[in-house]
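>
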Amino acid sequence: MAKMTMVQALNLALQQEMEKDDRVIVLGEDVGVDGGVFRVTDGLIKQFGDQRVLDTPLAESAIVGMSIGMAAYGLRPVCEIQFSGFSYQNFHQIENHAARLRWRSRGRFTVPMVLRTPYGGGVRALEHHSESREAYWAHTPGLKMVIPSGPRNARALLVSAMRDPDPVIFYESKALYRAFREEVPEAEEALPIGEPQRVREGEDLTLISYGAMMRPTLEAAQQLQDTDGIAAEVIDLLTISPLAEKILIQSVKKTGRAVVIHEAPRSFGPAAEIMSRLMEKAFYYLEAPIERVTGYDIVIPLFNREKAYLPNTERILRAARKVLAAS
Amino acid sequence: MAKMTMVQALNLALQQEMEKDDRVIVLGEDVGVDGGVFRVTDGLIKQFGDQRVLDTPLAESAIVGMSIGMAAYGLRPVCEIQFSGFSYQNFHQIENHAARLRWRSRGRFTVPMVLRTPYGGGVRALEHHSESREAYWAHTPGLKMVIPSGPRNARALLVSAMRDPDPVIFYESKALYRAFREEVPEAEEALPIGEPQRVREGEDLTLISYGAMMRPTLEAAQQLQDTDGIAAEVIDLLTISPLAEKILIQSVKKTGRAVVIHEAPRSFGPAAEIMSRLMEKAFYYLEAPIERVTGYDIVIPLFNREKAYLPNTERILRAARKVLAAS
Amino acid sequence: MPRKKITISEKVEALSILDEKGRLDEKLEPDIAEDVLFQLHRTMLLARKFDERLLSLQRQGRIGTFAPIKGQEAAQLGTIAHLRPGDWMVPAFRETAAELWRGRSLESVIIYNNGFNEGVAIPDDRNDFPISVPVGSQMIHAVGLGWAAKYRQKDDVAMTYFGDGATSQGDFHEALNFAAVFQTPVIFVCQNNQWAISIPVSQQTRSKTLAQKALAYGMPGIQVDGNDILAVYAAAQEAVQRARSGDGPTLIECVTYRLLMHTTADDPKRYRTDEEVEQWNQRDPLPRFEKYLIDKGLLTEEKRNAVESEILEEIQTAIDRAEKQMEAMGDPIDMFDNTFAEMPSSLKEQKEELTHALSESAEEGKDG
Amino acid sequence: MPRKKITISEKVEALSILDEKGRLDEKLEPDIAEDVLFQLHRTMLLARKFDERLLSLQRQGRIGTFAPIKGQEAAQLGTIAHLRPGDWMVPAFRETAAELWRGRSLESVIIYNNGFNEGVAIPDDRNDFPISVPVGSQMIHAVGLGWAAKYRQKDDVAMTYFGDGATSQGDFHEALNFAAVFQTPVIFVCQNNQWAISIPVSQQTRSKTLAQKALAYGMPGIQVDGNDILAVYAAAQEAVQRARSGDGPTLIECVTYRLLMHTTADDPKRYRTDEEVEQWNQRDPLPRFEKYLIDKGLLTEEKRNAVESEILEEIQTAIDRAEKQMEAMGDPIDMFDNTFAEMPSSLKEQKEELTHALSESAEEGKDG
Ligand SMILES: Cc1ncc(C[n+]2csc(CCOP(=O)(O)OP(=O)(O)O)c2C)c(N)n1
Ligand SMILES: Cc1ncc(C[n+]2csc(CCOP(=O)(O)OP(=O)(O)O)c2C)c(N)n1
Ligand SMILES: [Mg+2]
Ligand SMILES: [Mg+2]
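Top to bottom, those sequences are chains A, B, C and D.
Residue 334 in my numbering is what sits at position 251 of the first sequence, and the numbering runs on without skipping anything.
Residue 349 in my numbering is what sits at position 266 of the second sequence, and the numbering runs on without skipping anything.
Residue 223 in my numbering is what sits at position 222 of the third sequence, and the numbering runs on without skipping anything.
Residue 343 in my numbering is what sits at position 342 of the fourth sequence, and the numbering runs on without skipping anything.
#1: Whose Cβ in chain D lies nearer than 8 angstroms to the Cβ of Ala327(B)?
#2: Alpha carbon to alpha carbon, how far is Ala149(D) from Arg264(B)? Give it in angstroms, no decimals.
#3: Considering only heavy atoms of ligand 3, list every residue whose Cβ is less than 7 angstroms from one of them, following chain order.
#4: For Thr289(A), write down the residues that DSSP places opposite it in a beta bridge.
#5: For Val13(C), return the contacting residues in chain D, with the cut-off set at a CB-CB distance below 8 angstroms.
#6: Under 9 angstroms Cβ-Cβ, which residues of chain A neighbour Asn282(C)?
#7: Quick check: is the beta carbon of Val134(D) nearer than 8 angstroms to any beta carbon in chain A?
#8: Beta-carbon within less than 7 angstroms of Ile64(C)'s beta-carbon, same chain only, minus the 5 sequence neighbours each way: which residues are those?
#9: State the Cα-Cα distance for the pair Lys304(D) and Gln238(D), rounded to the nearest angstrom.
#10: What residues in the segment 381-408 of chain B have a beta carbon less than 8 angstroms from any beta carbon of chain A?
#11: Hey, does Asp319(B) have any beta-carbon neighbour from chain C nearer than 8 angstroms?
#12: Rounded to the nearest angstrom, what separates Ser360(D) and Asn179(A) at their Cα positions?
#13: From the DSSP output, read off the bridge partner residues of Phe163(C).
#14: What does DSSP give as the partner residues of Ser144(A) in its beta bridges?
#15: Determine, using beta carbons only, whether Asp146(C) comes closer than 8 angstroms to chain A.
#16: Could you round the C-beta distance between Arg138(B) and Asp113(B) to whole angstroms and report it? I think they count as a contact, below 8 angstroms.
#17: Please report the straight-line C-alpha distance between Glu343(C) and Val233(D), rounded to a whole angstrom.
#18: Tell me whether Arg199(A), by its Cβ, gets closer than 7 angstroms to a heavy atom of ligand 6.
#19: Given 7 angstroms as the limit, tell me if Val90(A) has its C-beta closer than that to any heavy atom belonging to ligand 1.
#20: Using three-state DSSP, classify Gly111(A) as helix, strand or coil.
#21: For Ile1(D) versus Phe189(D), is the C-beta distance shorter than 8 angstroms?
#22: Quick one: Cα of Cys191(C) to Cα of Arg95(C), how far?
#23: Let's see if you can read the secondary structure: which residues bound the alpha helix (DSSP H) around Val202(C)?
#24: Note down, in chain order, every chain C residue with its Cβ under 7 angstroms from the Cβ of Gly247(D).
#25: Assuming Met419(C) and Leu260(C) form a contact by the criterion Cβ under 8 angstroms, report the distance between their Cβ atoms to the nearest whole angstrom.
#26: Could you work out which residue in Leu252(D), Leu231(D) and Asp248(D) is closest to Gln224(D) when comparing CA atoms only?
#27: Considering only residues of the segment 173-258 of chain C, which uninterrupted beta strand (DSSP E) runs meet the minimum length of 3 residues and lie entirely inside it, listed in chain order?
#28: Closer than 7 angstroms: is that where the CB of Glu286(B) sits relative to any heavy atom of ligand 2?
#29: Flag this pair as yes or no: are the beta carbons of Ile276(A) and Lys227(A) separated by less than 8 angstroms?
#30: Where does Ser17(D) sit, in a helix, a strand or coil, going by DSSP?
#31: Who pairs with Gln30(A) in a beta bridge, going by DSSP?
#32: Please classify Tyr272(C) as buried or exposed, where buried requires at least 16 neighbouring CB atoms within 10 angstroms.
#33: May I ask you to report which of helix, strand or coil DSSP gives Lys325(D)?
#34: Quick one: is Asp311(A) near chain D, going by C-beta distance under 8 angstroms?
#35: Among Val147(B), Gly115(B), Ala142(B) and Asp380(B), whose alpha-carbon lies nearest the alpha-carbon of Arg52(B)?
#36: Is any heavy atom of ligand 1 found at a distance shorter than 7 angstroms from the C-beta of His180(A)?
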């Protein structure tokens with residue numbers, strides 16, 4: 084066991100899987116010699132050489148398209164899109180092909196690829212470097228959309244993503260890359276894709292979130308306990324899509340109240356789907372309308388004002404108290 | 084007044100606006116000499132010449148990017164993307180630029196462009212020609228997303244879209260292009276963007292839909308009246324985003340029950356947002372969970388089976404009766 | 002420098018061997034085994050007759066929209082003929098002749114054109130990608146396949162097809178660039194059939210040839226008479242050899258013509274003249290190739306007719322079989338399959354929902 | 002045909018006028034008015050000094066990440082100098098020298114680099130697009146602007162900037178193709194600074210030059226020594242004239258070098274050698290241009306020092322002013338503005354929500 088940042092944990096996942104499986108190929112802009120602009124792929128080209136780690140020309144559509152070809156051949160490409168704000172350059176390759184090739188060929192060709200990309204605000208970055216648009220992928224049939232919330236689950240989920248027989252969009256929160264360290268076992272560890280986790284138990288209220296928003300969410304749960312004597316249950320989605328609703332429904336049936344938190348824009352965002360599932364399956368247990376705490380329906384402002392855009396503990400607390408007060 | 088198909092009505096809108104306003108430029112693949120593969124731009128190049136109607140090379144990203152430049156200059160480009168399934172080729176131009184240029188330049192440059200594109204199933208088309216993914220655009224801040232449901236409102240909304248100071252994504256249902264005719268006044272007519280319409284009044288249930296799904300929805304409302312004696316209120320969204328929820332909320336406060344219908348895939352689709360808004364603003368009026376009748380979370384099958392994929396009157400009726408039965 | 006012309010080391014050439022009148026440039030004549038010549042001719046004729054038959058089926062409403070290939074058979078067969086079974090083909094949507102060469106069944110084409118997903122199934126022993134509708138998006142997949150083959154130290158190559166219109170797409174550029182940078186074994190076969198629906202190639206690009214676009218990538222490019230199967234064959238042979246021996250990709254522009262409509266939904270009279278079509282009819286690759294075979298003493302009128310009747314029967318049998326197979330294909334419920342390797346719970350639920358709805362309608366149908 | 006080399010009519014040339022040692026090729030020397038020469042020199046020095054100062058501000062934590070331009074001043078100024086106020090500039094994100102030439106204030110650069118949206122405001126009298134971060138995506142906007150100018154029968158042109166890395170993007174290809182097909186008045190200025198973050202141009206493309214990519218579009222291309230302001234100026238002059246007179250677009254490749262890090266978040270020691278940087282330091286465009294001016298008798302050491310102190314003061318004043326302005330920029334609530342011309346009700350509600358939340362926190366802050 085070693086205390087690792089999320090960057091180190093992701094690097095460990097890649098390094099171990101590459102050692103084990105020569106089908107795993109890492110490719111993208113600056114992932115080789117430079118080790119990735121966030122150093123997630125640091126050292127891999129040294130260990131595995133430039134046939135396993137490809138520094139590509141600057142073209143996201145080709146990076147994804149080439150990965151599709153590699154995957155269909157039987158390899159396990161893990162491509163990096165340097166920032167999720169530039170993954171729209173390859174949106175058509177994902178929607179038109181990666182998400183459909185299994186279907187289009189009736190199972191003859193599959194696309195076991197991972198698209199890793201940093202997302203989200205909070206690191207004082209330039210324009211296009213702070214968005215959170217997981218809903219685009221989540222709404223696309225044929226894709227899995229995974230967002231870890233800390234070093235240990237990031238490593239374990241990335242391992243599963245690399246072994247998944249289908250394309251996985253893997254969002255990594257830049258704000259979490261170096262925010263804290265966790266014990267990450269040296270021995271292999273994998274977490275199933277498609278299983279949200281209950282990370283805190285409680286009877287009074289359910290808080291649902293994922294990725295970088297887990298930290299203010301957990302902080303809010305703690306404060307609710309400390310100052311309001313309220314026991315909030317907290318669920319970390321980990322997999323956004325396909326959304327496995329069971330644990331959410333169980334929780335809300337128990338608590339009758341919920342708040343959903345994400346940094347993506349509000350309208351047509353992930354919270355809407357979660358609220359709808361809860362409405363469909365737990366309506367008669369709801370004691371108050373579910374609240375959502377989200378980014379706003381605007382371009383996230385340049386970094387000096389992004390804090391006001393992003394959900395924080397205070398906003399979550401306010402929503403939680405509103406839900407608790409309603410009857 | 085003349086009885087027109089939606090294709091003719093859209094053509095009229097373009098033709099009249101081009102006559103009035105020399106800033107309006109039509110561009111896209113096959114929109115000139117060929118008159119568009121669905122003939123929406125038929126005759127325009129003859130009347131206005133090839134400086135007003137541009138047959139472009141085959142490149143969706145450039146079509147949109149060029150439109151952005153034209154719009155920033157002060158023109159009013161109306162570009163056609165031949166099928167919405169190929170609009171992901173230009174997704175980055177819309178997300179990175181069209182939706183942001185006003186913001187990025189603090190109002191100095193604006194993007195008054197319209198992106199017209201046929202969407203949806205039901206015309207026995209090839210792969211990529213039948214999707215309904217309005218949620219992608221609706222979740223993108225800075226865009227307006229409009230979907231007419233018949234010849235008359237198609238014409239009137241396209242006129243407004245061309246006059247709108249901001250980028251409008253304008254989805255045209257292929258299934259409606261020639262499905263029926265309506266009286267369309269020769270005299271100019273515009274419908275405001277951002278105003279859903281109540282197209283049928285009722286007290287017992289609210290049906291919410293848009294685009295091609297309005298026809299089975301209205302048919303279901305009629306059958307509910309005829310066979311169940313149920314008065315369903317029907318709302319045609321017309322503008323998907325920014326979503327104006329007021330009329331929806333008023334209706335559901337009255338009826339207490341609702342079904343949302345769209346052909347887009349279910350998860351993370353438009354219905355989720357509508358359900359969430361109703362949960363947020365009309366929770367205490369709801370007498371049953373809102374149901375959604377949608378496409379499934381799969382690639383729409385090739386045309387011989389698309390009927391089973393698409394919502395129809397029967398599925399809407401089933402959902403409506405379920406909502407009515409619940410208490 | 003100070004001011005001088007830049008000399009570019011890569012070649013862009015033009016090649017023609019068997020001209021419009023069927024005159025042969027013997028110095029350039031490729032050495033093709035007789036059985037291959039027969040096979041090429043038979044497939045060309047099969048593709049032509051099948052195309053004709055599909056068109057009449059479409060007009061009778063017995064299949065949906067499809068994209069005819071008439072006129073482009075030489076471009077497709079002269080290239081695909083060099084592939085080994087383990088090689089990869091990555092087509093666009095107008096490569097029926099090439100697909101038939103690779104062993105695609107006539108039935109599967111008919112079934113696909115009837116909107117049944119069953120028509121896209123590809124047998125395990127063919128390394129051929131399914132039809133790709135989004136113009137220009139598929140070439141980069143060939144680059145990934147070619148890269149992977151090289152990584153696995155195989156000398157397999159990937160051949161990818163696309164039209165003149167596709168060369169305008171950003172993905173064309175990215176694919177050629179990646180192929181050149183990584184020196185992957187890919188043959189880029191452009192069928193310049195002069196039109197992208199209603200847009201002539203002169204409005205598609207201002208470059209004199211499409212072949213010269215190779216220069217942007219430091220890649221050899223060659224323009225061949227795409228209606229001259231010998232020229233196509235010779236150019237493709239060099240390109241495949243280059244790819245197989247590790248010397249990287251090639252761009253081949255086959256100058257050809259789409260003699261019919263873009264798809265059966267299209268009316269070409271709106272944008273091109275009968276005279277133009279007539280001129281290109283004169284350059285039809287099929288009679289030209291037949292004249293060559295006759296001149297060589299390999300084909301006679303009689304033999305040709307025998308092959309043709311055999312083909313017509315084969316087509317008829319395939320239609321009958323396909324229509325029979327399709328009768329059993331009503332059930333839509335397997336639309337949920339092949340989305341993921343393992344069906345997630347939310348999809349299972351949706352599948353149940355549809356199963357239920359379908360059985361209810363069936364019940365109602367019985368009642369009513 | 003039958004087999005021959007294809008000759009391409011468009012030219013790709015290489016141009017250098019003032020070499021590394023400051024030796025002038027007098028035959029090629031462009032005729033630049035004295036006041037323009039002074040202005041070019043002053044702006045070059047300003048850009049250089051400002052860059053240095055921004056770097057130290059960044060290291061002190063007084064601004065955020067930014068992209069230094071050191072070494073690329075000649076490429077930017079030699080091109081932008083030909084624009085009239087009504088012309089259009091469409092930059093990428095490393096064009097500070099060109100922006101300063103166009104009148105962008107130092108304050109706005111500082112404010113932008115501090116993450117305030119106010120820093121992107123563009124005065125009404127400058128037809129300059131804001132910084133575009135997505136690599137390669139902006140060139141096509143210049144094509145639309147150029148087209149529109151032509152449509153309005155103005156002889157305004159659009160000049161767009163991008164790097165060597167950007168040439169790999171599909172959008173580069175599409176932009177050049179559209180510009181050529183529609184013969185729009187656009188000048189494509191590629192600053193080939195040898196690196197795209199850690200990727201050298203030799204891994205970006207296999208083509209010997211970037212200029213030759215113009216051949217794919219039937220467009221003239223020219224490669225110039227981008228650290229030689231006279232060569233850049235001369236090449237751009239021709240290109241702008243061509244565009245203005247309706248003869249269409251040009252691709253100019255300026256061979257230059259990014260002497261510093263990609264952005265302040267980058268560590269170039271990870272991927273390139275000090276020797277390489279040192280070699281390029283020898284080709285620095287600034288001393289080379291100064292030697293030329295001195296040789297011409299237009300500049301003296303003294304005069305240069307005077308200009309420099311003036312510049313340093315100007316920069317200091319700008320920093321002071323910007324920091325003062327930023328003090329008043331705390332309030333985030335206007336983040337909702339400029340999304341649409343008219344704020345929709347849902348956004349108004351969200352704006353109220355935030356207003357309320359902010360005032361509540363302020364209250365709580367007071368209490369706590
Ligand atoms: C990305 C994309 N845009 C538009 C279309 C619609 N479309 C189908 S074929 C075609 C023209 C293709 O021309 P070309 O590449 O020359 O191939 P050809 O049809 O001549 O074989 C167009 C515009 C599409 N299928 N994909
Ligand atoms: C579409 C896109 N992909 C990736 C990035 C991240 N990125 C920023 S600059 C850069 C390299 C750009 O290289 P080049 O075009 O040569 O310009 P230079 O930085 O050398 O000025 C990269 C990869 C981006 N901004 N946009
Ligand atoms: Mg074509
Ligand atoms: Mg560069």
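Even glycine gets a Cβ: it sits at the ideal position worked out from N, Cα and C.
A quick note: this is a predicted structure, and the numbers were derived from the prediction, not measured.
In short:
#1: As a working mapping, residue 327(B) is identified with position 244 in the second sequence. Under the 8 angstroms cutoff, chain D gives Pro345, Ser346 and Ser347.
#2: For this step, residue 264(B) is matched to residue 181 along the second sequence. For this step, residue 149(D) is matched to residue 148 along the fourth sequence. Near 37 angstroms, if we compare the C-alpha coordinates of Ala149(D) and Arg264(B).
#3: The set of residues with any CB-heavy atom separation to ligand 3 below 7 angstroms comprises, in chain order, Gly164(C), Asp165(C), Gly166(C), Gln192(C), Asn193(C), Asn194(C), Gln195(C), Trp196(C), Ala197(C) and Arg259(C).
#4: Here residue 289(A) corresponds to residue number 206 of the first sequence, with the count starting at 1. Answer is Glu316(A) and Ala341(A).
#5: Here residue 13(C) is taken as the residue at index 12 of the third sequence, counted from 1. Under the 8 angstroms cutoff, chain D gives Lys6, Ile7 and Ile9.
#6: Residue numbering aside, residue 282(C) sits at position 281 when the third sequence is read from its first letter. Those do not exist, as Asn282(C) stays about 35 angstroms from chain A at its closest Cβ, beyond 9 angstroms.
#7: Taking the fourth sequence and counting its residues from 1, the one referred to as residue 134(D) is at position 133. It does: the Cβ of Val134(D) has a partner Cβ on chain A nearer than 8 angstroms.
#8: By one-based count along the third sequence, residue 64(C) stands at place 63. Excluding positions up to five away in sequence, the list reads Leu55, Leu58, Ile111, Asn114 and Asn115.
#9: Taking the first residue of the fourth sequence as position 1, residue 304(D) is located at position 303. Taking the first residue of the fourth sequence as position 1, residue 238(D) is located at position 237. Cα to Cα, Lys304(D) sits roughly 28 angstroms from Gln238(D).
#10: Within the segment 381-408 of chain B, Ile381 and Val382 place their CB atoms closer than 8 angstroms to a CB of chain A, listed in sequence order.
#11: The sequence position of residue 319(B) within the second sequence is 236, counting from 1. Closer than 8 angstroms: no.
#12: Here residue 360(D) refers to the residue found at position 359 when the fourth sequence is read from its first residue. Here residue 179(A) refers to the residue found at position 96 when the first sequence is read from its first residue. Distance between the alpha carbons of Ser360(D) and Asn179(A): 47 angstroms.
#13: Working through the third sequence from its first residue, we reach residue 163(C) at position 162. Note: Phe163(C) is bridge-paired with Cys191(C) in the DSSP secondary-structure output.
#14: By 1-based counting over the first sequence, the position of residue 144(A) is 61. In the DSSP assignment, Ser144(A) is bridged to no other residue.
#15: Within the third sequence, residue 146(C) is the residue found at index 145, counting from 1. Just to set this straight, residue 146(C) is Leu in the shown sequence, not Asp. Chain A, which has a Cβ nearer than 8 angstroms to the Cβ of Leu146(C), makes this yes.
#16: Taking the first residue of the second sequence as position 1, residue 138(B) is located at position 55. Taking the first residue of the second sequence as position 1, residue 113(B) is located at position 30. The amino acid at residue 138(B) is misidentified as Arg; the sequence shows Asp. Contact between Asp138(B) and Asp113(B) holds: their C-beta atoms lie close to 7 angstroms from each other, under 8 angstroms.
#17: Within the third sequence, the letter at position 342 stands for residue 343(C). Within the fourth sequence, the letter at position 232 stands for residue 233(D). For Glu343(C) and Val233(D), the gap between their C-alpha atoms comes out near 59 angstroms.
#18: Ligand 6 is not part of the structure shown, which contains ligand 1, ligand 2, ligand 3 and ligand 4 as its ligands.
#19: Within the first sequence, residue 90(A) is the residue found at index 7, counting from 1. The answer is no for Val90(A).
#20: Stepping through the first sequence from its first residue, residue 111(A) is reached at position 28. Reduced to three states, the DSSP call for Gly111(A) is strand.
#21: As shown, chain D starts at 2 and ends at 369. That puts residue 1(D) outside it, with no answer to give.
#22: Counted from its first residue, the third sequence places residue 191(C) at position 190. Counted from its first residue, the third sequence places residue 95(C) at position 94. One C-alpha to the other measures close to 12 angstroms.
#23: Position 201 of the third sequence, counted from the start, is the residue given in the question as residue 202(C). DSSP places Val202(C) in the uninterrupted alpha helix (DSSP H) bounded by Val202 to Gln205.
#24: On the fourth sequence, residue 247(D) is found 246 positions in, with the first residue counted as 1. Ordered by position in chain C, no residue passes the 7 angstroms Cβ test against Gly247(D), which lies about 15 angstroms from the chain.
#25: Because residue 419(C) is not part of the residues shown, which for chain C are 2 to 369, the question remains open.
#26: Start at 1 with the first residue of the fourth sequence, and residue 224(D) comes out as number 223. When each option's Cα is compared against that of Gln224(D), the closest is Leu252(D).
#27: With a minimum length of 3 residues, the continuous beta strand (DSSP E) runs that stay inside the segment 173-258 of chain C are 187-193, 222-226 and 251-256.
#28: Translated into positions along the second sequence, residue 286(B) becomes position 203. No; taking the cut-off as 7 angstroms, the Cβ of Glu286(B) has no heavy atom of ligand 2 nearer than that.
#29: Position 193 of the first sequence, counting from 1, holds the residue named residue 276(A). Position 144 of the first sequence, counting from 1, holds the residue named residue 227(A). Yes, the Cβ-Cβ distance between Ile276(A) and Lys227(A) is below 8 angstroms.
#30: Within the fourth sequence, the letter at position 16 stands for residue 17(D). Coil at Ser17(D), not helix or strand.
#31: Residue 30(A) lies beyond the residue range present for chain A, which begins at 84 and ends at 410; the question has no answer from this structure.
#32: Here the question's residue 272(C) lines up with position 271 in the third sequence. Buried, because 16 or more other Cβ atoms sit within 10 Å of the Cβ of Tyr272(C).
#33: For the purposes of this step, residue 325(D) is taken as residue 324 along the fourth sequence, with counting starting at 1. In the three-state reduction of the DSSP assignment, Lys325(D) falls in the helix class, which pools H, G and I.
#34: Residue 311(A) sits at position 228 when you count from the first residue of the first sequence. With respect to chain D, the C-beta atom of Asp311(A) has no partner C-beta closer than 8 angstroms.
#35: Coverage of chain B is limited to positions 84 through 410, which leaves residue 52(B) absent and any answer about it impossible.
#36: Sequence index remark: in the first sequence, residue 180(A) carries index 97 (1-based). Checking the Cβ of His180(A) against ligand 1 gives no.
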